[in-house]
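Student: For reference, the structure I am asking about is given below.
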Amino acid sequence: MKLLLRRLLIVLSLIVIASLMLTTNDNPTTNYTARGIETFGVNNEGYLEMDGKVLYMLVNGKREKASFEKLINHGEKNQELVIEE
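Using mature numbering (1 follows the signal peptide of the UniProt record, and there is no 0), the letters of the sequence shown map in sequence onto residues -18 to -1, 1 to 67.
Here's what the structure looks like:
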């Protein structure tokens, strides 16, 4: 039950984050269009991606490609997902 609740919270958090990113971005220093993020999802390899770029997360101090499984099993409170530049 606890694992199911944790998974649900992670999925809901990702949905909220994605919807917030889809709003108009007033910061001119970003590379995104005025429409916000164009795509957010899981690629063919199972990794999370945004606008065609794979998202990364820290797992035990090491940067790794982010997936839902890693978020559920190794995600921390206030886990950040970043795009490798």
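The beta-carbon is built from N, C-alpha and C at its ideal position, and this holds for glycine as well. Note that the structure is predicted; figures quoted are calculated from it, not measured.
1. Could you have a look at leucine 37 and say whether DSSP puts it in helix, strand or coil?
2. In whole angstroms, what separates the C-alpha of leucine -7 from that of leucine -14?
3. How many Å lie between threonine 6 and lysine -17 at the Cα?
4. So, for glycine 28: in the same chain, excluding its five sequence neighbours on each side, which residues have a beta-carbon less than 6 Å away from its beta-carbon?
5. Put lysine 44 into one of helix, strand or coil per three-state DSSP.
6. Can you tell me whether glycine 57 is buried or exposed? The criterion is at least 16 other CB atoms within 10 Å of its CB, across all chains shown.
7. Can you say whether leucine -11 is buried or exposed, counting buried as having 16 or more other CB atoms within 10 angstroms of its CB?
Tutor: If we stick to the structure as given:
1. strand
2. 10 Å
3. Note on threonine 6: pLDDT 48, under 50, position unreliable in the model; the coordinate value appears next. Looking at the two C-alpha atoms, the distance is approximately 36 Å.
4. Ser49
5. strand
6. buried
7. exposed
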